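For the sequence shown, our numbering gives the first residue as 193, with consecutive numbering after it.
No residue lacks a Cβ here, since even glycine has one placed at the ideal position from N, Cα and C.
Predicted, not measured: the structure shown is a model, and the values here were computed from it.
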Amino acid sequence: MSVQSTAMETAYLMLGSNLGDRLQNLRQALELIPLKAGHVRDISPVYETEPWNARKDLPFLNMAVCIETELCPTRLLSELLGIEKEMGRIRDGSINGPRPIDIDILLYGKDIIDVPGLQIPHPRMHLRRFVLVPLNEIAAAVVHPGFGKSVNYLLGDCSDQLPVSHYKDLKSAPAGNEL
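In structure tokens form, the structure reads like this:
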């Protein structure tokens, strides 16, 4: 797989934070994404959700982001992991644990990718309201390439009962990447 695609591709990302200044962490990631991964086309409002584990971790702030990127999926993942590391994320093998920032690739065009370390579409996105609610805000009609169903349909079909509450809208910034 080449480092850069021959054309721009639309990708949808999920940002999450539950350590430190959660909202500032999301803002910082939104500032770094255009520098390293691609042009930010749209963002969802920020939502607050309980963590997906039995521990008593702090609630997460989550948001969906649409980008246009020239990077191939593996290079995009590498750049996003670099942003996480730059922001203090330590990958210690724990799943769904606390973190200052988490950036997942949900969708990359209409591609289906299953290679070691990277699965697109995200393999559990259809099971999680904290992913589908924000994603539905900016991509309701986008079709999941594996299921052939829209994001809006997947949200309506999702059995996850964890509450997802509107927290803040960051779209007040001017057009472009000044989020």
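inquiry  = Ignoring anything shorter than 4 residues, give me the alpha helix (DSSP H) runs that lie fully in the region 337-369, in order along the chain.
reply    = Taking only runs of at least 4 residues, the alpha helix (DSSP H) segments lying wholly in the region 337-369 are 343-349.
task = Let me know if Pro265 comes out buried or exposed under the rule of 16 or more other beta-carbons within 10 Å of its beta-carbon.
result = Here Pro265 is buried, its C-beta having at least 16 other C-beta atoms within 10 Å.
query = Beta carbon of Glu318, beta carbon of Leu346: below 8 Å?
reply = In the sequence on display, residue 318 carries His and not Glu. Their beta carbons are under 8 Å apart, which means His318 touches Leu346 by this criterion.
inquiry  = Buried or exposed, going by whether 16 or more other CB atoms sit within 10 Å of the CB of Asp294?
reply    = Answer is buried; the Cβ neighbour count reaches 16.
message = Only counting the same chain, and skipping five residues up and downstream in sequence, which positions put a Cβ closer than 8 Å to that of Ser357?
response = By the criterion of a C-beta distance shorter than 8 Å, Ser357 is surrounded in its chain by Tyr239, Glu240 and Thr241, once the five residues flanking it on both sides are discounted.
query = Quick one, which of Leu324, Leu215 and Glu278 has its alpha-carbon nearest Leu253's?
reply = Checked all of Leu324, Leu215 and Glu278; the closest Cα to Leu253 is Leu215.
task = Tell me, please, which residues DSSP counts as bridged to Thr266.
result = Per DSSP, Thr266 has no beta bridge partner at all.
key: Assigned exposure category for Ser351 - 16 Cβ within 10 Å defines buried   = Ser351 is exposed by the Cβ-count criterion.
task = Hey, could you find the ends of the beta strand (DSSP E) Ile312 is sitting in?
result = That run of the beta strand (DSSP E) goes Leu310 to Ile312.
request  = Within its chain, find whatever has a CB closer than 8 Å to the CB of Pro251; leave out the 5 residues flanking it on each side and keep chain order.
outcome  = Once the five neighbours on either side are set aside, the close Cβ partners of Pro251 are Asn210, Glu240, Thr241, Glu242 and Pro243.
query = For the candidate residues Asp213, Ala203, Pro237 and Gly208, whose alpha-carbon lies nearest to that of Pro226?
reply = Among Asp213, Ala203, Pro237 and Gly208, the Cα nearest to that of Pro226 belongs to Ala203.
task = Quick one: give me the first and last residue of the alpha helix (DSSP H) that Arg321 is part of.
result = Its alpha helix (DSSP H) spans residues Arg321 to Ala331.
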